[in-house]
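Colleague:
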Amino acid sequence: MTPQTLHFLSFLLLLTTTTTSYALHANYYHNSCPNLESIVRSAVKQKFYQTFVTAPATLRLFFHDCFVQGCDASIMLASRKSEKESPDNLSLAGDGFDTVIKAKAAVDRVRGCKNVVSCADILALATRDVIVLAGGPYYAVELGRLDGRSSTIASVKYHLPKPDFNLDQLHAMFAKHGLTLRDLIALSGAHTIGFSHCSRFSNRIYNFRSKNKIDPTINPYYAKQLQTMCPKNIDRRVAINMDPTTAHIFDNTYYKNLQQGKGLFTSDQILFTDQRSRSIVNLFASNQKAFRQAFVAAITKLGRVGVKTGRQGYSKLNTDDSALGNPVQAVCRVWIRNHQEVDAQTMLALAKANS
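In structure tokens form, the structure reads like this:
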């Protein structure tokens, strides 16, 4: 794919944004739950100070939700056949789910707000809040999503980027959602506070190819550091920070790392090694303001992907778990192992009882 084709495709996608996003606006709950944002922010802040993992876990949860069937919180439905049971989602940290559940419970405790706010909107707000708490930019969150009612393992396949993707594969996947090359690079910057299990990149530091045991695009000193942190046959549950410099700060260091060959995934480092994207990486590395502005624009567009508004939230009953019953707007329920449907407050009680 030539640079001209890549840019032309990006231009076309700007003309074909999600048709349902027109119903989203920041003041959606102004009358029904006027203190929504402060309620969610307080709950998220409390969780954030319990563990920093809250930030990357919630942000990744939002991305995985939006890229599969749109931003509808279907990732929160938890049956044996739901999205969260997909191999691509098994590595999602529980702290992300816990953040949304606790924020939902806090909202439902406020008179007039119970069962009014969708779980999809709470996830979007929580994502913005963890970004700000980690030092990232504040932005207005568009609201008005309905929760989806379909959640299957099959729906996840081929819809999430892999660590070994090249630029064409990455751009094609993001382009399906109306996201440009610039959006892709800006959203990748969220890896500045990310973490990954060793198994996701071990092929780059062990037996990469017959002639090159280590991926030649990795900084050799960084490769040795990774081998120390992730020795062969290490427990697959062990995870490390994706940003070896400022792991707990949402900044533009991610791009500076790419310039030094310190991208953890192939899909990270390719943004610098591929000439078509290098100039944007260099811009973000040298200009934090440019990165922050691009990130806000990109995550706002991400939040519009496949949103369900109006009757669309009621027409998503398409699951093998027919006991879900008739969809109800904004109840934000979690489907648990014993096939009982419970709301967020009950979910918290169950968690405490089983801890």
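When the letters of the sequence shown are read in order and numbered with mature numbering (1 follows the signal peptide of the UniProt record, and there is no 0), they come out as residues -23 to -1, 1 to 332. Positions of the beta carbon are idealized from the N, C-alpha and C atoms, including for glycine.
1. Excluding the 5 residues flanking glutamine 204 on each side, which residues of the same chain have their C-beta closer than 8 Å to its C-beta?
2. Assuming valine 21 contacts alanine 80 (C-beta within less than 8 Å), just tell me the rounded distance between them.
3. Going by DSSP, what residues sit across from leucine 123 in a beta bridge?
4. Near arginine 18, which residues of its chain fall below 8 Å by C-beta distance, leaving aside the five closest residues on each side in sequence?
5. Return the first residue and the last residue of the alpha helix (DSSP H) that asparagine 234 is part of.
6. Taking C-alpha atoms, which residue in Asp85, Val284, Asn189, Thr169 lies nearest to aspartate 245?
7. Going along the chain, which unbroken runs of the beta strand (DSSP E) with 3 or more residues stay wholly within the stretch 131 to 211?
8. With a threshold of 7 Å on Cβ separation, who are the neighbours of methionine 219 within its own chain once the five nearest residues in sequence on each side are excluded?
9. Which runs of the alpha helix (DSSP H), 4 residues or longer, sit entirely within the stretch 61 to 132?
10. Please classify alanine 152 as buried or exposed, where buried requires at least 16 neighbouring CB atoms within 10 angstroms.
11. Using 8 Å as the threshold, is the C-beta distance between glutamate 62 and isoleucine 130 below it?
12. What is the DSSP secondary structure of histidine 2, counted as helix, strand or coil?
13. For a quick check, are the C-beta atoms of alanine 50 and leucine 1 less than 8 Å apart?
14. Looking at the structure shown, is isoleucine 52 part of a helix, part of a strand, or coil, going by DSSP?
15. In or out: threonine 28 buried (at least 16 other Cβ within 10 Å) or exposed?
16. What is the DSSP secondary structure of asparagine 8, counted as helix, strand or coil?
17. Where does the unbroken alpha helix (DSSP H) through asparagine 264 begin, and where does it stop?
18. Keeping to the same chain, check which residues put their C-beta closer than 6 Å to that of glycine 113; ignore five residues upstream and five downstream.
19. Over the uninterrupted beta strand (DSSP E) stretch that includes alanine 216, give me the two end residues.
20. In or out: arginine 57 buried (at least 16 other Cβ within 10 Å) or exposed?
21. Tell me which residue opens and which closes the alpha helix (DSSP H) that valine 17 is part of.
22. Indicate whether leucine 260 and leucine 248 have their beta-carbon atoms separated by less than 8 Å.
23. Using the Cβ count rule (16 or more neighbours within 10 Å means buried), how would you classify lysine 278?
24. What does a CB cutoff of less than 8 Å around glutamine 23 pick up in its chain, not counting 5 residues either side in sequence?
25. Which first and last residues belong to the alpha helix (DSSP H) in which glutamine 246 is found?
26. Identify whether alanine 224 lies in helix, strand or coil by the three-state DSSP scheme.
27. Please name the residue, chosen from Val258, Ile16, Thr222, that lies closest to leucine 158 on a Cα-to-Cα basis.
28. Does the distance from the CB of threonine 31 to the CB of proline 140 come in under 8 Å?
29. Need the endpoints of the alpha helix (DSSP H) that arginine 37 sits in, please.
30. Per the contact definition of three or more C-beta pairs closer than 8 Å, is the stretch 68 to 87 in contact with the stretch 32 to 50?
31. Check arginine 213 in the structure and name its three-state DSSP category.
32. I need the straight-line Cα distance from proline 11 to glycine 89, nearest angstrom please.
33. Within a Cβ cutoff of 7 Å, which residues of the same chain sit near serine 179, ignoring the five residues on either side of it in sequence?
34. Report the three-state DSSP secondary structure of residue 349 (helix, strand or coil).
35. Near tyrosine 232, what residues of its chain come up, given a Cβ to Cβ distance below 6 Å and the 5 sequence neighbours on each side ignored?
Modeller: The structure says:
1. As a working note, residue 204 is residue 227 in the sequence shown. Around glutamine 204: Ile182, Tyr183.
2. By one-based count along the sequence shown, residue 21 stands at place 44. By one-based count along the sequence shown, residue 80 stands at place 103. The pair is a contact, with the Cβ atoms about 6 Å apart (cut-off 8 Å).
3. Position 146 of the sequence shown, counted from the first residue, corresponds to residue 123. According to DSSP, leucine 123 bridges with Lys285.
4. For the purposes of this step, residue 18 is taken as residue 41 along the sequence shown, with counting starting at 1. Only Leu102, Asp106 meet the Cβ criterion.
5. Locating residue 234 in the sequence shown gives position 257, counting from the first residue. Counting along the chain, the alpha helix (DSSP H) containing asparagine 234 begins and ends at 230 to 236.
6. Numbered from 1 along the sequence shown, position 268 holds the residue referred to as residue 245. For the residues Asp85, Val284, Asn189, Thr169, the minimum Cα distance to aspartate 245 belongs to Thr169.
7. 172 to 174
8. One-based indexing of the sequence shown puts residue 219 at position 242. Cβ neighbours of methionine 219 beyond the five flanking positions: His168, Gly171, Phe172, Ser173, Leu241.
9. 71 to 85, 96 to 110
10. Residue mapping note: residue 152 aligns to position 175 of the sequence shown, counting from 1. Alanine 152 should be labelled buried.
11. Numbered from 1 along the sequence shown, position 85 holds the residue referred to as residue 62. Numbered from 1 along the sequence shown, position 153 holds the residue referred to as residue 130. Cβ distance < 8 Å, so glutamate 62 and isoleucine 130 count as in contact.
12. Start at 1 with the first residue of the sequence shown, and residue 2 comes out as number 25. Here histidine 2 sits in strand by DSSP.
13. Numbered from 1 along the sequence shown, position 73 holds the residue referred to as residue 50. Numbered from 1 along the sequence shown, position 24 holds the residue referred to as residue 1. It is not a contact, given that the beta carbons lie outside the stated cut-off.
14. Residue 52 sits at position 75 when you count from the first residue of the sequence shown. Note: isoleucine 52 maps to helix in three-state DSSP.
15. Reading the sequence shown from its first residue, position 51 is the one you call residue 28. The residue in question, threonine 28, is exposed, as its Cβ has fewer than 16 Cβ neighbours within 10 Å.
16. On the sequence shown, residue 8 is found 31 positions in, with the first residue counted as 1. The answer is coil: DSSP assigns asparagine 8 none of H, G, I, E or B.
17. Stepping through the sequence shown from its first residue, residue 264 is reached at position 287. Per DSSP, asparagine 264 belongs to no alpha helix (DSSP H) and is neither H nor E.
18. Position 136 of the sequence shown holds residue 113. Here the set comprises Phe227.
19. Translated into positions along the sequence shown, residue 216 becomes position 239. It spans 216 to 218 - the beta strand (DSSP E) in which alanine 216 sits, taken as one unbroken run.
20. Translated into positions along the sequence shown, residue 57 becomes position 80. Exposed, by the Cβ-count rule.
21. Taking the first residue of the sequence shown as position 1, residue 17 is located at position 40. Run containing valine 17: 13 to 27, per the alpha helix (DSSP H) assignment.
22. Stepping through the sequence shown from its first residue, residue 260 is reached at position 283. Stepping through the sequence shown from its first residue, residue 248 is reached at position 271. Result no, Cβ atoms of leucine 260 and leucine 248 do not sit closer than 8 Å.
23. Here residue 278 is taken as the residue at index 301 of the sequence shown, counted from 1. Burial call: buried.
24. Residue numbering aside, residue 23 sits at position 46 when the sequence shown is read from its first letter. Excluding positions up to five away in sequence, the list reads Lys79.
25. Within the sequence shown, numbered from 1, the residue matching residue 246 stands at position 269. Glutamine 246 -> alpha helix (DSSP H) spans 243 to 250.
26. The sequence position of residue 224 within the sequence shown is 247, counting from 1. Alanine 224: coil per DSSP, three-state reduction.
27. As a first step, residue 158 is located in the sequence shown; it is residue number 181 there, counting from the start. Closest by alpha carbon: Val258.
28. Within the sequence shown, numbered from 1, the residue matching residue 31 stands at position 54. Within the sequence shown, numbered from 1, the residue matching residue 140 stands at position 163. Contact: no.
29. On the sequence shown, position 60 is the one that residue 37 refers to. That run of the alpha helix (DSSP H) goes 31 to 44.
30. yes
31. The residue you call residue 213 lines up with position 236 of the sequence shown. Three-state DSSP puts arginine 213 in coil, outside helix and strand.
32. Translated into positions along the sequence shown, residue 11 becomes position 34. Translated into positions along the sequence shown, residue 89 becomes position 112. Straight-line Cα distance between these residues: approximately 9 Å.
33. Residue 179 sits at position 202 when you count from the first residue of the sequence shown. Closer than 7 Å at Cβ, skipping near neighbours: Cys207.
34. Since the first residue shown for the chain is -23 and the last is 332, residue 349 is missing from the structure and cannot be characterised.
35. Counting from one through the sequence shown, the residue named residue 232 turns up at place 255. Val258, Phe261, Ala262.
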